[in-house]
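Asks: Provided herewith is a single structure, encoded as structure tokens, for subsequent inquiry.
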């Protein structure tokens, strides 16, 4: 069993100290657009970087519907002393993702040299494209990390491009894992924290990020360690609104459940609440 997968909790800016501060500081997935627009958000993650956290700057696609340009990603990464930038990606389109990522990688290198590890997101329309895109990332020489998106819908066809736990098993079983690349999971999928129990068997998976424990806790929904995981329709994290203090303990319990499933010993930094 692996030592564990680091969990980066996603929470509204007003609640970073309540739920996101880590002890010890390990990995944070950070929204580039929030870094650039919110001084409190920017200062919080800059402090976490000073405490030793690895800051990964996301490109904004999931929140904005489009990725920020390379110059903005570099600006955000420098502002929080990030070590890694997630390159622009296109949902379910490997060829378009590869093209966008290569272009952004060139531009980021021109602006910042080798200051940042570059993370490509593995999208594809089918398994053939998935394997082809993965190979391009691994052999291209410009990717230092690969992120696997969450599986959010049932997949009767059991495709690598649609079911993440099948994809990671395939990479390991076929000897396709590259020891020089950092592997990350983007978000919690349709089985939530239960997937992480399987994924932590892969010692090469570094981190996962997720807002579900915070959003569900704010809605009064507890995550059960053994499941089942049933996620109703939920608001996006930026539309969650103020969280009542009487929900804080439930949110912290939810975070603890996800961390336990991931095998992570990190806790919320008590002294900073």
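In the numbering used here, the protein residues as written are 27 to 299.
Cβ coordinates follow ideal geometry from the N, Cα and C atoms, glycine included.
Everything numeric in this text was worked out from a predicted model, so none of it was measured.
Looking at residue 212: is its Cβ nearer than 8 Å to the Cβ of residue 203?
Replies: no
Asks: If residue 37 sits next to residue 240, beta carbons under 8 Å apart, how far is it from one beta carbon to the other, in whole angstroms?
Replies: 5 Å
Asks: Is DSSP giving residue 283 helix, strand or coil here?
Replies: In the structure shown, the three-state DSSP call for residue 283 is helix.
Asks: To the nearest angstrom, how far is the alpha carbon of residue 91 from that of residue 117?
Replies: 10 Å
Asks: At what residues does the beta strand (DSSP E) containing residue 92 begin and finish?
Replies: Run containing residue 92: none; DSSP gives neither H nor E here.
Asks: Does the Cβ of residue 140 have 16 or more other Cβ atoms within 10 Å, making it buried, or fewer, making it exposed?
Replies: exposed
Asks: Whole angstroms are fine: how far does the CA of residue 79 sit from the CA of residue 208?
Replies: Pairing residue 208 with residue 79, the inter-Cα distance amounts to about 15 Å.
Asks: Please list the segments of the alpha helix (DSSP H) lying wholly inside the region 231-255, counting only runs of 4 or more residues, in order along the chain.
Replies: 238-244
Asks: Excluding the five sequence neighbours on either side, which residues of its own chain have a C-beta within less than 7 Å of the C-beta of residue 298, listed in chain order?
Replies: With a pLDDT of 47 at residue 298, under the threshold of 50, the modelled position of this residue cannot be trusted; read the value that follows with caution. Excluding positions up to five away in sequence, the list reads 43, 47.
Asks: Where do the ends of the beta strand (DSSP E) carrying residue 34 lie?
Replies: 32-35
Asks: Can you check whether the CB of residue 294 is closer than 8 Å to the CB of residue 45?
Replies: yes
Asks: Among residues of its own chain, excluding the 5 on either side of residue 137, which ones have a beta-carbon nearer than 8 Å to its beta-carbon?
Replies: Shown here for residue 137: same chain residues with a beta carbon closer than 8 Å to its own, the five before and five after excluded, namely 96, 97, 100 in chain order.
Asks: Check whether the region 164-173 and the region 185-192 are in contact - that is, three or more C-beta pairs closer than 8 Å.
Replies: no
Asks: Could you pull the DSSP bridge partners for residue 55 from this structure?
Replies: 82
Asks: Based on the DSSP output, what are the partners of residue 5 in its beta bridges?
Replies: A question about residue 5 goes unanswered here, because the residues of the chain that appear run from 27 up to 299.
Asks: Compare the Cα-Cα distances from residue 219 to each of 195, 250, 201 and report the closest residue.
Replies: 250
Asks: Which residue from 108, 253, 261, 110 puts its Cα closest to that of residue 237?
Replies: 261
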